[in-house]
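Chain order of the listed sequences is A and B. Quick note: the first sequence uses my numbering, first residue 1125, plus one each step. Quick note: the second sequence uses my numbering, first residue 1125, plus one each step. Beneath this line is the structure, given in structure tokens, with notes to follow.
2 protein chains.
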Amino acid sequence: MINETYKAMLSGKSIIRELSEYATARGKEIGYENVFDYSLGNPSVPCTDHYTRGMIELLENENPVTIHGYSPSLGIEQVRATVAESLNRRFGMDYEAKHIFMASGAAGALAHALRATTKPGDEVLTFAPCFPEYFPYVNTTGAVLRVVPADVESFQINFDELEKAFTPNVAAVLINTPNNPSGAVYSEDTIQRLADMLTDKQREYGHDIFIISDEPYREIVFDGKTAPYVSRFYDNSVSCYSFSKSLSLPGERIGYVAVNPRCTDADIFAVICGQISRGIGHNCPPSSVQLGVAKVIDEVSDLSVYETNMNLLYDALTRIGFEVVRPGGTFYIFPKALEPDANAFCEKAKKYDLILVPSNNFGCTGFFRMAYCIDTEKVKRSIPVLERFAREEYGL
Amino acid sequence: MINETYKAMLSGKSIIRELSEYATARGKEIGYENVFDYSLGNPSVPCTDHYTRGMIELLENENPVTIHGYSPSLGIEQVRATVAESLNRRFGMDYEAKHIFMASGAAGALAHALRATTKPGDEVLTFAPCFPEYFPYVNTTGAVLRVVPADVESFQINFDELEKAFTPNVAAVLINTPNNPSGAVYSEDTIQRLADMLTDKQREYGHDIFIISDEPYREIVFDGKTAPYVSRFYDNSVSCYSFSKSLSLPGERIGYVAVNPRCTDADIFAVICGQISRGIGHNCPPSSVQLGVAKVIDEVSDLSVYETNMNLLYDALTRIGFEVVRPGGTFYIFPKALEPDANAFCEKAKKYDLILVPSNNFGCTGFFRMAYCIDTEKVKRSIPVLERFAREEYGL
Chain A
1125 MINETYKAML SGKSIIRELS EYATARGKEI GYENVFDYSL GNPSVPCTDH YTRGMIELLE
1185 NENPVTIHGY SPSLGIEQVR ATVAESLNRR FGMDYEAKHI FMASGAAGAL AHALRATTKP
1245 GDEVLTFAPC FPEYFPYVNT TGAVLRVVPA DVESFQINFD ELEKAFTPNV AAVLINTPNN
1305 PSGAVYSEDT IQRLADMLTD KQREYGHDIF IISDEPYREI VFDGKTAPYV SRFYDNSVSC
1365 YSFSKSLSLP GERIGYVAVN PRCTDADIFA VICGQISRGI GHNCPPSSVQ LGVAKVIDEV
1425 SDLSVYETNM NLLYDALTRI GFEVVRPGGT FYIFPKALEP DANAFCEKAK KYDLILVPSN
1485 NFGCTGFFRM AYCIDTEKVK RSIPVLERFA REEYGL
Chain B
1125 MINETYKAML SGKSIIRELS EYATARGKEI GYENVFDYSL GNPSVPCTDH YTRGMIELLE
1185 NENPVTIHGY SPSLGIEQVR ATVAESLNRR FGMDYEAKHI FMASGAAGAL AHALRATTKP
1245 GDEVLTFAPC FPEYFPYVNT TGAVLRVVPA DVESFQINFD ELEKAFTPNV AAVLINTPNN
1305 PSGAVYSEDT IQRLADMLTD KQREYGHDIF IISDEPYREI VFDGKTAPYV SRFYDNSVSC
1365 YSFSKSLSLP GERIGYVAVN PRCTDADIFA VICGQISRGI GHNCPPSSVQ LGVAKVIDEV
1425 SDLSVYETNM NLLYDALTRI GFEVVRPGGT FYIFPKALEP DANAFCEKAK KYDLILVPSN
1485 NFGCTGFFRM AYCIDTEKVK RSIPVLERFA REEYGL
């Protein structure tokens, strides 16, 4: 018999995926260039030429038995060392290779880190608005994800609500900065305040509380700024990273867990992740892809288009009359919908071939997400359509 | 706190991995060419030139946003269709793309298929000798793996023991043909008899019993024969495949689940596998690797060295006086140890720099495994050493 638990998950289909499929189908009717598809967070810029050349060099010059051979289950030692050195250089950390676990993108990294730091019955806290897939990542472990209501003024952390949500069962706090879907980048103050609070809670409850930091957008930060590196603020922390956005390799499923050398059991954390992999038969990201990213470890794709698009959209949306917090990074913007029911709002937008994602699935109501990882030319063409939509439907 | 369940798994370290590490360390002392390392099942022949050229063509000529872009969570549609067509052509099946779920090698395929067909408390039966990683694959799902004692005469199935082991809680039977570690290839008679028995048990217990067929060695069969295709014999069956051995791509983590179109819930089985992936954050094998293998779907590496090595070893072992069943495929041979305690036997072999894996971890006692996916020249050099070992330690 097919497992009923997984069957039941089928009813919770991703609204983002459904909207993306709608956009594709609509594109077949009217030409995809006429659909303003802001649904999917799929990078629109190519990987760097160096990545492509590096992969070709590996294939042409190296022994295929080596480059396609088994990776150790925690990752290729030299790749882990390269990741550690890069993080140390860039963020003033002191990782060694043993603190790095190579994973299938941030999703795989998070799933491993969550399993390592929780047991069934534990609680994991995260903050609205949040990535909807956090629910399956946490809830299939036997732990429970609880979402702390948003700070809708700035999309930093609502500490009053966090205080109310805390219980002795909280084993981990899952954060995402720069944030999908709000585009907010947590300030140093926010992270320090969170660290101080968790330090107090650890003392009060007498057990570890980990910060699991989801960081795929770490390099997409605007106005020449950089995102504060979370693990510098709190010892019991792990960074979950993906090369999906920074190098535009989402389909290559490559990322890592970086374990804070000062966390509890820091020396065996990556080994524990390897044990988790054993059970799910995963056994590490592909060897060739590990070797490929290690060759370009400090590179990023040309990410400037995202800032260009953000500025265009932010200016247009505020001019039209939307309430919107200016994103500090990512390729998302998260304006307030023009009616309380974000689902109804996004449904009306479809009449204008504007594909917007309602906020309900991100754990808060009344907003919508636009993923502006699309051509700037299309962003520009969408602005008069947004204007017409706001005018005709809401009288703005 | 670090999860204690996973911590406890650390004590069950893989004996194969330990022996392999011992061989590497010993190689640093005396030169690896002097260590007769039969520990690891790591293919020794390269992938085909076509695979390498195909990957380079993809990287040079295709849009990087496409080849490194997100794969649908069940696999790239065209890749799934290509796999289905290949299986239909080769094995007379009638798969459609919807029956194929792309997975991280056979390990990932098995972990998904086992989760799809069982619930916590269910039993999964497998046959000794078996791959030790079956235990974490099954036991981390909440189901329980039970090992049916071996048919040590032929390493086909011991049906008397299977009958004794059956209970109404059995939800799946996990088989592996061609077999690691015995090298046995199940005959059509064996598979038909198993199918008939499971058909009866399904009727008796009133629920589905799936065959989960682990098939990474499907193309490594000797004497010009082919392995009977398991899903032709039984409707409630899924094939779990890896390109690791046939194309020598073990580190690329690429394989699939092929769902028998006549099994229960055949049309949603792959979709269920996608839901399982959601929870573990896996989201499909890398897009570029999927595209790469699809280009060479019917190809295999030059696998002839394995048959050459098998014949050399089989002839030598029988001449020396070992009892051994002649392998029908794979790159393993599984002789009887020269004393009842296989651990003691393999420990003594280390004195001769012969690295042999004792059978205890494969679920039966008194045998040892040799993985002869190594250079033929080294196999030849190992034979006088095997002779000396058998003579000096056991008087043969």
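The beta-carbon is built from N, C-alpha and C at its ideal position, and this holds for glycine as well.
Below-8 Å beta-carbon distance, residue i vs any chain B residue
i               : result
residue 1189(A) : yes
residue 1408(A) : yes
residue 1235(A) : yes
residue 1217(A) : no
residue 1184(A) : yes
residue 1174(A) : no
residue 1352(A) : no
residue 1162(A) : no
residue 1264(A) : yes
residue 1405(A) : yes
Beta-bridge partners of residue i, as assigned by DSSP
i               : result
residue 1160(B) : 1478(B)
residue 1300(B) : 1338(B)
residue 1247(A) : 1268(A) and 1294(A)
residue 1227(A) : 1379(A)
residue 1361(B) : 1335(B)
residue 1309(A) : For residue 1309(A), which the question treats as bridged, DSSP gives no partner whatsoever.
residue 1345(A) : 1453(A)
residue 1366(B) : 1379(B)
Interface flag, residue i vs chain A, CB-CB below 8 Å
i               : result
residue 1343(B) : no
residue 1171(B) : yes
residue 1399(B) : yes
residue 1127(B) : yes
residue 1423(B) : no
residue 1276(B) : no
residue 1430(B) : no
residue 1231(B) : yes
residue 1269(B) : no
residue 1402(B) : yes
residue 1226(B) : no
residue 1133(B) : yes
residue 1207(B) : no
residue 1168(B) : yes
residue 1223(B) : no
residue 1413(B) : yes
Local Cβ density within 10 Å of residue i, reported as buried at 16 or more and exposed below that
i               : result
residue 1202(B) : exposed
residue 1343(B) : buried
residue 1380(A) : buried
residue 1485(A) : buried
residue 1185(A) : exposed
residue 1242(A) : buried
residue 1244(A) : exposed
residue 1376(A) : buried
residue 1475(A) : exposed
residue 1135(B) : exposed
residue 1454(A) : buried
residue 1464(B) : exposed
residue 1187(B) : exposed
residue 1156(B) : exposed
residue 1200(B) : buried
Closer than 8 Å at the beta carbon, the chain E residues around residue i
i               : result
residue 1433(A) : No chain E appears in this structure, whose protein chains are A and B.
- Looking at chain B, which residues of the segment 1379–1394 of chain A have a Cβ within less than 8 Å of any of its Cβ atoms? If the cut-off is 8 Å between Cβ atoms, the segment 1379–1394 of chain A has 1388, 1389, 1392 and 1393 near chain B.
- Query: Where are the beta strand (DSSP E) runs, 3 residues long or more, that stay fully inside the segment 1374–1421 of chain A, in chain order?
  - Reply: Fully enclosed beta strand (DSSP E) runs of 3 or longer: 1379–1383.
- Using a Cβ-Cβ cut-off of less than 8 Å, list which residues of the segment 1319–1350 of chain B approach chain A; keep chain order. Cβ contacts with chain A: 1331 and 1332.
- Unbroken stretches of the alpha helix (DSSP H), 4 residues or longer, contained in the segment 1185–1225 of chain A: Listed in chain order, the complete alpha helix (DSSP H) runs (minimum 4 residues) inside the segment 1185–1225 of chain A are 1188–1191 and 1201–1215.
- Completely contained beta strand (DSSP E) runs for the segment 1422–1502 of chain B, where each covers 3 or more residues: Within the segment 1422–1502 of chain B, the runs of beta strand (DSSP E) at least 3 residues long that lie entirely inside it are, in chain order, 1492–1495.
- Interface positions of the segment 1238–1257 of chain A facing chain B (Cβ-Cβ less than 8 Å), listed along the chain: If the cut-off is 8 Å between Cβ atoms, the segment 1238–1257 of chain A has 1239, 1240, 1241, 1242, 1243 and 1257 near chain B.
- Using a Cβ-Cβ cut-off of less than 7 Å, give me the residues of the segment 1135–1147 of chain A that come near chain B, in sequence order. Of all residues in the segment 1135–1147 of chain A, none has a Cβ within less than 7 Å of some Cβ in chain B.
- Message: Taking beta-carbon pairs under 8 Å, can you tell me which members of the segment 1486–1501 of chain B lie near chain A?
- Response: If you check each beta-carbon in the segment 1486–1501 of chain B against every beta-carbon of chain A, none falls closer than 8 Å.
- Residues in the segment 1359–1376 of chain A with C-beta within 7 Å of chain B's C-beta atoms, listed in sequence order? Taking 7 Å as the Cβ-Cβ cut-off, the segment 1359–1376 of chain A approaches chain B at 1372, 1373, 1374, 1375 and 1376, given in chain order.
- Return the residues of the segment 1464–1486 of chain B that lie within a Cβ-Cβ distance of less than 7 Å from chain A, sorted by chain order. Within the segment 1464–1486 of chain B, no residue qualifies.
- Residues in the segment 1286–1299 of chain B with C-beta within 9 Å of chain A's C-beta atoms, listed in sequence order? From the segment 1286–1299 of chain B, only 1295 have a Cβ closer than 9 Å to chain A.
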